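Worksheet for the structure shown next.
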Amino acid sequence: MAAERPIAPFGRRLCRVGESHATGGYRIFSLIDEVGPEPAPGQFYMLTAAGDWEGAGGRPFLPRAISVARTSGRKGAVRLDFLIDVVGPGTGRLAGLVHGDGCHLAGPFGQGFSMPKQLNPDAAGAILVGGGIGIAPLAMQRRALTGRGVASRTLLGFRDRAHSGGVEELFGCEETRLAFEDGSSGHTGYVTDLLLRMLDGDDSGRGVVYSCGPPAMLEAVRRICADYSVPVELALESPMACGYGACFGCAVPLVRGGYMRLCVDGPVVRGDEIASAMAGEAGAG
Ligand SMILES: Cc1cc2nc3c(=O)[nH]c(=O)nc-3n(C[C@H](O)[C@H](O)[C@H](O)COP(=O)(O)OP(=O)(O)OC[C@H]3O[C@@H](n4cnc5c(N)ncnc54)[C@H](O)[C@@H]3O)c2cc1C
Ligand code: FES
Numbered sequence: 000m001a002a003e004r005p006i007a008p009f010g011r012r013l014c015r016v017g018e019s020h021a022t023g024g025y026r027i028f029s030l031i032d033e034v035g036p037e038p039a040p041g042q043f044y045m046l047t048a049a050g051d052w053e054g055a056g057g058r059p060f061l062p063r064a065i066s067v068a069r070t071s072g073r074k075g076a077v078r079l080d081f082l083i084d085v086v087g088p089g090t091g092r093l094a095g096l097v098h099g100d101g102c103h104l105a106g107p108f109g110q111g112f113s114m115p116k117q118l119n120p121d122a123a124g125a126i127l128v129g130g131g132i133g134i135a136p137l138a139m140q141r142r143a144l145t146g147r148g149v150a151s152r153t154l155l156g157f158r159d160r161a162h163s164g165g166v167e168e169l170f171g172c173e174e175t176r177l178a179f180e181d182g183s184s185g186h187t188g189y190v191t192d193l194l195l196r197m198l199d200g201d202d203s204g205r206g207v208v209y210s211c212g213p214p215a216m217l218e219a220v221r222r223i224c225a226d227y228s229v230p231v232e233l234a235l236e237s238p239m240a241c242g243y244g245a246c247f248g249c250a251v252p253l254v255r256g257g258y259m260r261l262c263v264d265g266p267v268v269r270g271d272e273i274a275s276a277m278a279g280e281a282g283a284g
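First residue of the sequence shown: 0, per numbering that gives the first Met the number 0; consecutive thereafter.
Given below as structure tokens:
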């Protein structure tokens with residue numbers, strides 16, 4: 000966890016959708032943010048579609064937390080790309096936005112990923128381990144590493160084709176290894192099998208791992224990295240209602256005692272800070 004908390008601009012702002020298209024079983028859509036700061040890899044936004052954002056009884060949904068997967072453009076008019084997996088009404092509405100539609104956005108929120116030398120002064124490179132929709136923040140981190148000349152290898156895992164997407168578009172094909180649980184491509188099984196194989200063949204004392212994905216996968220990554228004494232940063236998820244640290248809906252227990260609010264002190268946490276990556280698993284806000 001970095002020493003200083005990044006402060007998101009207060010309040011939400013109305014942005015326009017630049018484009019929206021399907022990528023495998025997911026969807027990518029972009030918002031043009033003309034006011035906010037450029038986000039760091041691992042940060043996220045709270046999004047609310049400007050129209051059609053209520054349930055059957057007319058009660059409005061809470062904003063939904065979505066990681067930024069890619070940025071482009073200059074500061075002051077940054078294009079933000081989001082990768083969406085439709086799992087319920089909020090992500091369904093966001094995935095249905097088309098060019099010119101309005102979307103309220105607040106953020107960027109939270110602590111992003113560190114650079115490898117901050118985690119391990121001897122680091123010679125990084126391994127990124129993503130699962131499902133968790134590949135989104137890793138795509139940003141990979142570009143940041145490449146931009147700084149840091150070597151990285153990427154391992155991505157999916158349940159099946161229907162729950163995958165964005166790989167070619169966000170990562171390119173180089174140095175990306177895939178695992179599908181149903182065997183539709185790459186390794187048949189879990190992405191953590193690939194991580195184990197890589198750490199076995201590596202000088203693991205010179206590595207760091209960044210990971211984002213479903214809680215069970217993150218917990219497996221946390222344990223593997225602890226066994227190999229490799230520093231790891233995990234981007235966790237938990238139900239989030241506000242994003243500003245006010246509601247405590249996103250609190251997760253810490254190894255040293257007490258709690259951290261994932262929206263302001265995470266969502267990226269060091270593996271040795273938490274007892275389990277399953278702690279934030281719960282229903283949505
Ligand atoms: C920091 C952060 C970054 C995220 N980034 C992305 C992203 O880039 N792309 C994306 O598609 N989604 C992302 N999510 C997940 C997304 O915010 C939630 O899945 C959201 O609640 C979906 O809203 P919904 O109305 O579609 O579904 P809901 O009706 O809210 O939920 C559908 C199902 O998912 C479960 N669920 C919902 N939210 C969570 C959660 N946070 N943790 C565990 N289970 C949950 C619910 O229990 C329910 O079973 C992120 C979440 C967080 C906290
Ligand atoms: S989402 Fe409200 S305190 Fe974190």
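Idealized CB from N, CA, C, for every residue including glycine.
None of these values were measured; they are calculated from a predicted model.
Looking only at its own chain, which residues have a Cβ that is under 8 Å from the Cβ of residue 70, when we skip the five neighbours before and after it?
For the purposes of this step, residue 70 is taken as residue 71 along the sequence shown, with counting starting at 1. Closer than 8 Å at the Cβ level, and outside the excluded window around residue 70, lie 37, 38, 77, 78, 79, 80, 139.
Quick check: residue 65 and residue 93, are their CB atoms within less than 9 Å of each other?
Here residue 65 refers to the residue found at position 66 when the sequence shown is read from its first residue. Here residue 93 refers to the residue found at position 94 when the sequence shown is read from its first residue. With contacts defined as CB atoms closer than 9 Å, residue 65 and residue 93 qualify as a contacting pair.
Classify residue 32 as helix, strand or coil using the three-state DSSP reduction.
As a first step, residue 32 is located in the sequence shown; it is residue number 33 there, counting from the start. DSSP, read as helix, strand or coil, puts residue 32 in strand.
Kindly examine ligand 2 and report whether one of its heavy atoms sits closer than 8 Å to the Cβ of residue 263.
Residue 263 sits at position 264 when you count from the first residue of the sequence shown. Taking 8 Å as the cut-off, the C-beta of residue 263 counts as close to a heavy atom of ligand 2.
Can you tell me where the alpha helix (DSSP H) holding residue 200 begins and where it ends?
Residue numbering aside, residue 200 sits at position 201 when the sequence shown is read from its first letter. In the DSSP assignment, residue 200 falls within the unbroken alpha helix (DSSP H) covering 190 to 200.
Can you have a look at residue 25 and say buried or exposed, based on whether 16 or more other CB atoms are within 10 angstroms of its CB?
Position 26 of the sequence shown, counting from 1, holds the residue named residue 25. Looking at its Cβ environment, which holds 16 or more other Cβ atoms inside 10 Å, residue 25 is buried.
Consult DSSP for residue 281 and reduce its assignment to one of helix, strand or coil.
On the sequence shown, position 282 is the one that residue 281 refers to. Note that residue 281 scores 44 on pLDDT, short of 50, meaning its location in the model is unreliable; the coordinates nonetheless yield the value given after this. Residue 281 carries a coil assignment under DSSP once its states are collapsed to helix, strand and coil.
Is DSSP giving residue 139 helix, strand or coil here?
For the purposes of this step, residue 139 is taken as the residue at position 140 of the sequence shown. In the three-state scheme derived from DSSP, where H, G and I count as helix and E and B as strand, residue 139 is classed as helix.
As a quick exercise: from 13, 107, 142, pick the residue whose alpha carbon is nearest that of residue 242.
Start at 1 with the first residue of the sequence shown, and residue 242 comes out as number 243. That would be 107, whose Cα lies nearest to the Cα of residue 242.
Beta-carbon spacing of residue 41, residue 165 below 9 Å:
Indexing the sequence shown from 1 puts residue 41 at position 42. Indexing the sequence shown from 1 puts residue 165 at position 166. Cβ distance not < 9 Å, so residue 41 and residue 165 don't count as in contact.
So, does the region 55 to 64 touch the region 113 to 124, judging by three or more C-beta pairs under 8 Å?
Three or more beta-carbon pairs separated by less than 8 Å are not found between the region 55 to 64 and the region 113 to 124, which leaves the two stretches without contact.
Thinking just about the alpha-carbon of each residue, which of 128, 6, 31 is nearest to the one in residue 196?
Within the sequence shown, residue 196 is the residue found at index 197, counting from 1. Nearest Cα to residue 196 within the set 128, 6, 31: 128.
Compute every distance between the C-beta of residue 242 and the non-hydrogen atoms of ligand 2, then say whether any falls below 8 Å.
Numbered from its first residue, the sequence shown carries residue 242 at position 243. At least one heavy atom of ligand 2 is nearer than 8 Å to the Cβ of residue 242, so yes.
Counting along the chain, where does the alpha helix (DSSP H) carrying residue 271 start and finish?
Taking the sequence shown and counting its residues from 1, the one referred to as residue 271 is at position 272. First-last for residue 271: undefined, no H or E at that position.
Residue environment, residue 110, which counts as buried when at least 16 other CB atoms sit within 10 Å
Walking along the sequence shown from the start, residue 110 turns up at place 111. The residue is buried, with at least 16 neighbouring Cβ atoms inside 10 Å.
Go ahead and label residue 228 buried or exposed: buried means 16 or more other beta carbons lie within 10 angstroms of its beta carbon, across all protein chains shown.
Locating residue 228 in the sequence shown gives position 229, where the first residue counts as 1. So residue 228 counts as exposed.
Whole-angstrom distance between residue 83 and residue 102, CA atom to CA atom
Against the sequence shown, residue 102 aligns to sequence position 103. Against the sequence shown, residue 83 aligns to sequence position 84. The C-alpha of residue 83 is placed about 14 Å away from the C-alpha of residue 102.
Taking the alpha helix (DSSP H) that residue 217 belongs to, which residues open and close that run?
To locate residue 217, count along the sequence shown from 1; it is residue 218. Residue 217 -> alpha helix (DSSP H) spans 214 to 227.
Since I believe residue 113 is in contact with residue 232 (beta carbons under 8 Å), could you give me their beta-carbon distance rounded to a whole number of angstroms?
Sequence index remark: in the sequence shown, residue 232 carries index 233 (1-based). Sequence index remark: in the sequence shown, residue 113 carries index 114 (1-based). Contact flag correct, Cβ pair sits at about 6 Å.
If you drop the 5 nearest sequence neighbours on each side, which residues of the same chain put their C-beta closer than 7 Å to that of residue 265?
The residue you call residue 265 lines up with position 266 of the sequence shown. Answer for residue 265: 109, 110, 235, 259, listed in chain order.
In its own chain, which residues sit with a C-beta less than 8 Å from the C-beta of residue 168, not counting the 5 before and 5 after it?
Taking the sequence shown and counting its residues from 1, one reaches residue 168 at position 169. Answer for residue 168: 22, 27, listed in chain order.
Within the same chain, show all residues whose beta-carbon is closer than 7 Å to that of residue 0, passing over the 5 residues directly before and after it, in chain order.
Reading the sequence shown from its first residue, position 1 is the one you call residue 0. The predicted position of residue 0 is uncertain, since its pLDDT is 47 and thus under 50; a value taken from the coordinates is nonetheless stated next. Cβ neighbours of residue 0 beyond the five flanking positions: 110, 264, 268, 269, 272.
Since residue 221 and residue 178 should fall inside the 8 Å C-beta cutoff, what is the C-beta to C-beta distance between them, to a whole number of angstroms?
Counting from one through the sequence shown, the residue named residue 221 turns up at place 222. Counting from one through the sequence shown, the residue named residue 178 turns up at place 179. Incorrect: roughly 18 Å between the Cβ atoms, too far for contact.
Measure the CB-CB distance between residue 45 and residue 96 and report whether it falls below 9 Å.
Locating residue 45 in the sequence shown gives position 46, where the first residue counts as 1. Locating residue 96 in the sequence shown gives position 97, where the first residue counts as 1. Cβ distance not < 9 Å, so residue 45 and residue 96 don't count as in contact.
Identity of the residue in 91, 19, 15 nearest residue 34 by Cα:
Residue mapping note: residue 34 aligns to position 35 of the sequence shown, counting from 1. With distances taken between Cα atoms, residue 34 lies closest to 15.
Span of the alpha helix (DSSP H), counted from its first residue to its last, around residue 124:
Residue numbering aside, residue 124 sits at position 125 when the sequence shown is read from its first letter. For residue 124, there is no enclosing alpha helix (DSSP H); the enclosing beta strand (DSSP E) covers residues 124 to 130.
Pairwise C-alpha distance: residue 207 and residue 119
Taking the sequence shown and counting its residues from 1, the one referred to as residue 119 is at position 120. Taking the sequence shown and counting its residues from 1, the one referred to as residue 207 is at position 208. A direct Cα-Cα distance of roughly 7 Å separates residue 119 from residue 207.
Neighbourhood of residue 11 by C-beta, 8 Å cutoff - its chain only, sequence neighbours within 5 removed:
Residue 11 sits at position 12 when you count from the first residue of the sequence shown. If we look at residue 11 and ignore the five residues flanking it on each side, its Cβ neighbours are 45, 47, 62, 103, 104, 105.
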